[in-house]
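K.L.:
Input: one structure, supplied below.
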Amino acid sequence: MAQPEHHDHDTRHVSPNVKLGLTLFGVYLLLYLGFMGIAAFKYDLFGTSAPGGVNLAIAYGMGLIIAALVLSLVYMVFAKPD
Amino acid sequence: MLYPASSLSLIIFCVFVGAVLALSFWLGRKAQSAKGYFAAHGQVGWFVNGIAFAGDYLSAASFLGICGMIAFFGYDGFLYSIGYLAGWIVALFVIAEPIKRLGKYTFADALDAQFHSRGIKLAAAISTLIVSLFYLIPQMVGAGALIKPLLGLEHHWGVIMVGVVVVLIVVTAGMVSTTWVQFIKGSLLVIFCTILVGLILSRGLAVKPPSEPQAVVKKDGQTLINGKPQSLENDLKPVGRVLALPPGPDGKPRTETGPLGPIEYLRTLEGSTIETYSKRVSADGTTTTYAPAPKSGLDLLTPGASPTFASVRQEGLAGKLNFLSLMLALFCGTAALPHILIRYYTVKDAAAARKSTVVGIASIGFFYVLTLYLGLGAMTSGQLDPTDSNMAAPLLAKSFNPVLFAIISAIAFTTVLGTVSGLILAASGAVAHDLMTNVFKINLDDHGKVRAGKIASVVVGVIAILLGIAFKGFNVTFLVGWAFNIAASANLPAIVMLLFWRGTTRQGITWSIVIGLVTSLAWIMLSTDAYQNLYGYSAKDAAAKALAPFNQPGIVTIPLSFIVLVVVSLLSKGHRKSKTELDAHAAATAGSAE
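Same order as they appear, the protein sequences are chains W and B.
In this text, residue positions in the first sequence follow our numbering: the first is 3, and each later residue adds one.
In this text, residue positions in the second sequence follow our numbering: the first is 12, and each later residue adds one.
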């Protein structure tokens with residue numbers, strides 16, 4: 003495999019793609035922490051009804067899977083070429 | 012339970028596995044040199060590589076373990092699906108891009124790129140070995156679970172078969188899991204599981220009469236089922252059924268639903284009463300009773316229905332720590348697995364890498380949605396083996412069609428072969444290259460290195476076989492959860508801080524890996540789960556003897572590893588390289604890579 007070129011050995015220089023990645027990570031982290039927060043502080047919410055007639059636990063869990071796909075699509079579309 | 016062998020299933024299985032192995036050999040031999048191997052990858056498109064991501068990542072643990080856990084306990088198995096996929100977000104958005112800028116592909120290479128430290132190499136190699144072993148165990152257990160209903164052989168024969176076949180392949184042919192083989196496996200797994208879910212939805216749900224408790228007595232070398240010797244005619248009856256359905260759309264009671272849509276299936280299950288099973292072991296350990304335990308569908312489709320995570324339903328934060336710890340470990344674990352990141356770089360450019368990762372996440376995410384339906388379908392199929400949750404998915408397939416069962420077992424088995432061979436190669440590489448050559452400075456020529464690698468493969472293979480037999484009956488996704496805890500504690504803090512904090516020193520990295528590894532491993536070995544399932548204590552004795560306050564260590568050991576890295580780095584900051592030294596090293600490294 004050809005070695006990928008790296009433009010800056012010091013990875014602490016934050017490129018636009020790294021910034022984009024960290025921003026999208028932050029969004030997903032909030033969603034994920036929301037799930038953990040409900041479990042920690044408002045467990046009863048999991049049993050309540052959500053859109054589609056399923057409970058919130060199922061809807062939120064499926065939502066996290068869909069969100070992972072959506073955010074990675076956003077990253078693919080908006081990441082700048084190297 | 013006993014399983015009669017099926018000739019048709021065996022033939023289909025052997026033909027299928029043989030075809031995939033032959034393809035692996037042919038593709039592996041085509042790429043003899045490292046250039047040939049990587050050039051082939053450079054020409055593979057992003058879509059193929061994306062599906063190969065899924066084929067690489069979706070081990071038998073995902074298929075068998077998650078489905079089994081959902082079949083027995085409902086939503087708690089789905090937590091693993093959510094967490095495993097969430098880990099890809101960390102890998103893609105936080106780690107992959109910056110690590111590419113280091114010009115390195117693996118966690119171990121990246122950590123050592125700047126420091127050239129024997130301490131880091133030693134710590135990273137040991138971490139790779141331990142994580143690989145913990146990842147290997149559930150694959151071997153899964154192999155044993157697959158062989159049992161297919162060939163009628165006991166668990167340990169399946170484990171031995173996989174271990175021997177894989178070691179032979181790795182030692183004689185040096186089998187490489189090529190992108191095309193992973194693509195084929197990934198595609199077939201998703202396609203056939205989609206077919207199975209289609210069958211589950213078209214079958215719908217139907218009420219069955221409640222079952223009776225069943226007792227298994229093991230004494231003086233004999234196994235008695237409900238008082239009589241175990242045989243094909245007198246065996247444990249399969250379990251898992253719907254006891255009551257919610258009223259139909261017309262408001263009238265019903266005993267079956269007919270075909271259901273995906274959302275309707277979940278809604279209907281939530282309103283149903285399901286017969287699950289509880290297991291009680293006598294004080295002397297000879298008698299195990301499986302008693303029906305009716306539960307509401309809503310109860311099963313919210314977190315906490317399993318004994319492992321039941322405490323999430325208690326008041327107060329202390330009881331929820333186990334659940335929160337697992338979610339954290341799964342989130343942090345994927346990016347920290349030594350063998351995962353490398354696939355990000357096997358396409359020609361960064362745009363293709365991003366596209367292939369999106370395809371990978373989409374196919375992995377779709378598969379995990381399928382696991383929810385597979386698990387719930389197994390839960391209500393009336394085909395569960397109450398003694399082994401890992402068998403839920405294959406037995407579900409068997410309830411529809413023996414051909415489908417044989418094909419799905421074959422796909423899962425080849426997946427195990429691929430994963431196990433990759434892990435054995437990684438582990439033997441850690442021994443032969445990292446430990447022997449780089450740490451202990453044992454000078455070996457090329458022939459010697461290959462020989463050392465093969466000997467290490469045999470040793471690791473034998474250890475994997477023994478552990479796979481010892482861990483029989485352990486739910487495989489649960490074991491993989493342990494591997495994620497260890498990887499997230501030992502590896503992730505080091506790689507994240509190296510990429511984003513200039514103050515990181517080699518001592519900080521080394522100590523972070525060591526402390527993360529030791530604390531997570533010790534915690535797991537001293538947990539209630541280990542005392543009960545590994546050392547054989549009763550649930551009550553295990554809870555009394557266990558030193559760890561809860562089972563999943565991540566919520567303690569991951570932050571601890573971060574703190575150790577920061578503190579040790581600050582204390583050793585005089586040893587940090589300056590930017591000038593880093594740039595000089597980068598220039599020297601780029602020159603030597605030509």
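Even for Gly, the Cβ is constructed at its ideal location relative to N, Cα and C.
Do V491 of chain B and A82 of chain B have their C-beta atoms within less than 8 Å of each other?
P.N.:
Along the second sequence, one-based indexing puts residue 491 of chain B at 480. Along the second sequence, one-based indexing puts residue 82 of chain B at 71. Not a contact, by the Cβ cut-off of 8 Å.
K.L.:
Quick test of the definition: if touching needs 3 or more C-beta pairs under 8 Å, does the segment 497-507 of chain B touch the segment 128-148 of chain B?
P.N.:
Yes, they touch.
K.L.:
Express the C-alpha separation of F411 of chain B and I419 of chain B in angstroms, rounding to a whole number.
P.N.:
For the purposes of this step, residue 419 of chain B is taken as residue 408 along the second sequence, with counting starting at 1. For the purposes of this step, residue 411 of chain B is taken as residue 400 along the second sequence, with counting starting at 1. Rounded to the nearest angstrom, the two C-alpha atoms are 12 Å apart.
K.L.:
Looking only at C-alpha atoms, which of W:D46, W:Y30, W:K21 sits nearest to V101 of chain B?
P.N.:
Reading the second sequence from its first residue, position 90 is the one you call residue 101 of chain B. Nearest of W:D46, W:Y30, W:K21 to V101 of chain B, Cα basis: W:Y30.
K.L.:
Residues bridged to Y301 of chain B by DSSP?
P.N.:
Position 290 of the second sequence, counted from the start, is the residue given in the question as residue 301 of chain B. Answer is B:Q225, B:K290.
K.L.:
Would a check of beta-carbon distances place G47 of chain B closer than 8 Å to chain W?
P.N.:
Residue numbering aside, residue 47 of chain B sits at position 36 when the second sequence is read from its first letter. Residue placement at G47 of chain B cannot be trusted, given a pLDDT of 38 that sits under 50; what the coordinates show is reported in the next sentence. No, its Cβ sits nowhere closer than 8 Å to a Cβ of chain W.
K.L.:
At the 8 Å Cβ level, is Y86 of chain B part of the contact set with chain W, yes or no?
P.N.:
Start at 1 with the first residue of the second sequence, and residue 86 of chain B comes out as number 75. With 8 Å as the cut-off, Y86 of chain B counts as an interface residue toward chain W.
K.L.:
List, in order along the chain, the chain W residues whose C-beta lies closer than 7 Å to that of M338 of chain B?
P.N.:
The residue given as residue 338 of chain B occupies position 327 in the second sequence. What M338 of chain B touches in chain W: M38.
K.L.:
Nearest by alpha-carbon distance to V76 of chain W: which of B:G79, B:F104, B:L96 is it?
P.N.:
As a working note, residue 76 of chain W is residue 74 in the first sequence. Comparing Cα-Cα distances from V76 of chain W to each of B:G79, B:F104, B:L96, the minimum goes to B:F104.
K.L.:
According to DSSP, is P53 of chain W helix, strand or coil?
P.N.:
Taking the first sequence and counting its residues from 1, one reaches residue 53 of chain W at position 51. Three-state result, P53 of chain W: coil.
K.L.:
Expressed to the nearest angstrom, what Euclidean distance is found between the alpha-carbon atoms of P249 of chain B and R291 of chain B?
P.N.:
Residue numbering aside, residue 249 of chain B sits at position 238 when the second sequence is read from its first letter. Residue numbering aside, residue 291 of chain B sits at position 280 when the second sequence is read from its first letter. About 17 Å.
K.L.:
Under 8 Å between beta-carbons, which chain B residues line up against A52 of chain W? List them in chain order, please.
P.N.:
For the purposes of this step, residue 52 of chain W is identified with residue 50 of the first sequence, where counting begins at 1. Residues of chain B passing the Cβ test: none, with the nearest at roughly 11 Å.
K.L.:
How is the beta strand (DSSP E) around V81 of chain W delimited, first residue to last?
P.N.:
Residue mapping note: residue 81 of chain W aligns to position 79 of the first sequence, counting from 1. Just to set this straight, residue 81 of chain W is Ala in the shown sequence, not Val. It is not in any beta strand (DSSP E) - A81 of chain W carries neither H nor E in the DSSP assignment.
K.L.:
How do the segment 163-176 of chain B and the segment 514-528 of chain B stand: do at least 3 beta-carbon pairs fall below 8 Å, yes or no?
P.N.:
Not touching, per the Cβ criterion.
K.L.:
Does DSSP put E326 of chain B in a helix, a strand or coil?
P.N.:
By 1-based counting over the second sequence, the position of residue 326 of chain B is 315. The answer is coil: DSSP assigns E326 of chain B none of H, G, I, E or B.
K.L.:
Use the C-beta contact count for Y48 of chain B: other C-beta atoms within 10 angstroms, 16 or more gives buried, fewer gives exposed.
P.N.:
Your numbering for residue 48 of chain B matches position 37 in the second sequence. Reliability of the predicted coordinates at Y48 of chain B is poor, the pLDDT of 40 falling under 50, and no value is obtained from them.
K.L.:
Is it true that the CB of I77 of chain B sits closer than 8 Å to the CB of G308 of chain B?
P.N.:
Residue numbering aside, residue 308 of chain B sits at position 297 when the second sequence is read from its first letter. Residue numbering aside, residue 77 of chain B sits at position 66 when the second sequence is read from its first letter. Result no, Cβ atoms of G308 of chain B and I77 of chain B do not sit closer than 8 Å.
K.L.:
Could you tell me if S44 of chain B is buried or exposed, where buried requires 16 or more neighbouring beta carbons within 10 angstroms of its beta carbon?
P.N.:
Against the second sequence, residue 44 of chain B aligns to sequence position 33. Residue placement at S44 of chain B cannot be trusted, given a pLDDT of 45 that sits under 50; the coordinates are not used to answer.
K.L.:
Look at the Cβ atom of I497 of chain B, then the Cβ atom of S468 of chain B, and state whether they are nearer than 8 Å.
P.N.:
Against the second sequence, residue 497 of chain B aligns to sequence position 486. Against the second sequence, residue 468 of chain B aligns to sequence position 457. Contact flag unset, no.
K.L.:
As a quick exercise: from B:L19, B:N562, B:D120, B:R278, pick the residue whose alpha carbon is nearest that of H350 of chain B.
P.N.:
Mapped onto the second sequence, residue 350 of chain B falls at position 339. Of the listed residues, the one whose Cα sits closest to H350 of chain B is B:D120.
K.L.:
For P18 of chain W, which residues from the same chain have a beta carbon less than 6 Å from its beta carbon, with the 5 sequence-adjacent residues on both sides left out?
P.N.:
Here residue 18 of chain W refers to the residue found at position 16 when the first sequence is read from its first residue. K82, listed in sequence order.
K.L.:
Please confirm if A154 of chain B has its CB atom under 8 Å from at least one CB of chain W.
P.N.:
The residue given as residue 154 of chain B occupies position 143 in the second sequence. With 8 Å as the cut-off, A154 of chain B does not count as an interface residue toward chain W.
K.L.:
Out of B:G88, B:I171, B:H127, which has the shortest C-alpha to C-alpha gap to A481 of chain B?
P.N.:
As a position in the second sequence, residue 481 of chain B is number 470, starting the count at 1. Ranking B:G88, B:I171, B:H127 by Cα distance to A481 of chain B puts B:I171 first.
K.L.:
Which first and last residues belong to the beta strand (DSSP E) in which V253 of chain B is found?
P.N.:
Indexing the second sequence from 1 puts residue 253 of chain B at position 242. That run of the beta strand (DSSP E) goes 252-255.
K.L.:
Can you name the residues that DSSP bridges to P240 of chain B?
P.N.:
If you number the second sequence from 1, residue 240 of chain B lands on position 229. Bridge partners of P240 of chain B: B:L235.
K.L.:
Once the 5 residues before and after M12 of chain B are set aside, which same chain residues still bring their CB inside 6 Å of it?
P.N.:
Residue 12 of chain B sits at position 1 when you count from the first residue of the second sequence. Excluding residues within five positions, the ones whose Cβ falls inside 6 Å are D246, L247, D396.
K.L.:
Would you give the residue range spanned by the alpha helix (DSSP H) that N19 of chain W belongs to?
P.N.:
The count along the first sequence starts at 1 and reaches residue 19 of chain W at position 17. Unbroken alpha helix (DSSP H) run through N19 of chain W: 18-43.
K.L.:
I'd like to know whether the C-beta of W99 of chain B is nearer than 8 Å to at least one C-beta of chain W.
P.N.:
For this step, residue 99 of chain B is matched to residue 88 along the second sequence. Yes, its Cβ sits closer than 8 Å to a Cβ of chain W.
K.L.:
Sorted by chain position, which residues of the same chain lie with C-beta nearer than 6 Å to G344 of chain B's C-beta, five sequence neighbours on each side aside?
P.N.:
Position 333 of the second sequence, counting from 1, holds the residue named residue 344 of chain B. Cβ neighbours of G344 of chain B beyond the five flanking positions: G98, F495, A498, A499.
K.L.:
Just verifying my parser: in three-state terms, what is the DSSP assignment at E267 of chain B?
P.N.:
Here the question's residue 267 of chain B lines up with position 256 in the second sequence. Here E267 of chain B sits in strand by DSSP.
K.L.:
Can you give me the C-alpha to C-alpha distance between A373 of chain B and A347 of chain B, rounded to a whole angstrom?
P.N.:
Taking the second sequence and counting its residues from 1, one reaches residue 373 of chain B at position 362. Taking the second sequence and counting its residues from 1, one reaches residue 347 of chain B at position 336. So the alpha carbons of these two residues sit roughly 21 Å apart.
K.L.:
Quick check on I574 of chain B: buried or exposed, where buried means 16 or more other Cβ atoms within 10 Å of its Cβ?
P.N.:
Residue numbering aside, residue 574 of chain B sits at position 563 when the second sequence is read from its first letter. The residue is exposed, with fewer than 16 neighbouring Cβ atoms inside 10 Å.
K.L.:
Among B:G94, B:G29, B:V192, B:R214, which has the Cα closest to the Cα of A408 of chain B?
P.N.:
For the purposes of this step, residue 408 of chain B is taken as the residue at position 397 of the second sequence. Looking at the Cα atoms, B:R214 is the closest of the given residues.
K.L.:
By the 10 Å Cβ neighbour count, where 16 or more other Cβ atoms means buried, how is W37 of chain B classified, buried or exposed?
P.N.:
Counting from one through the second sequence, the residue named residue 37 of chain B turns up at place 26. That one is exposed.
K.L.:
Helix, strand or coil: how does DSSP classify L216 of chain B here?
P.N.:
For the purposes of this step, residue 216 of chain B is identified with residue 205 of the second sequence, where counting begins at 1. In the structure shown, L216 of chain B sits in coil (DSSP, three-state: anything other than H, G, I, E or B).
K.L.:
Closer than 9 Å by beta-carbon distance: list the chain B residues that pair up with F87 of chain W, in chain order.
P.N.:
The question about residue 87 of chain W has no answer here: the residues shown for chain W are numbered 3 through 84.
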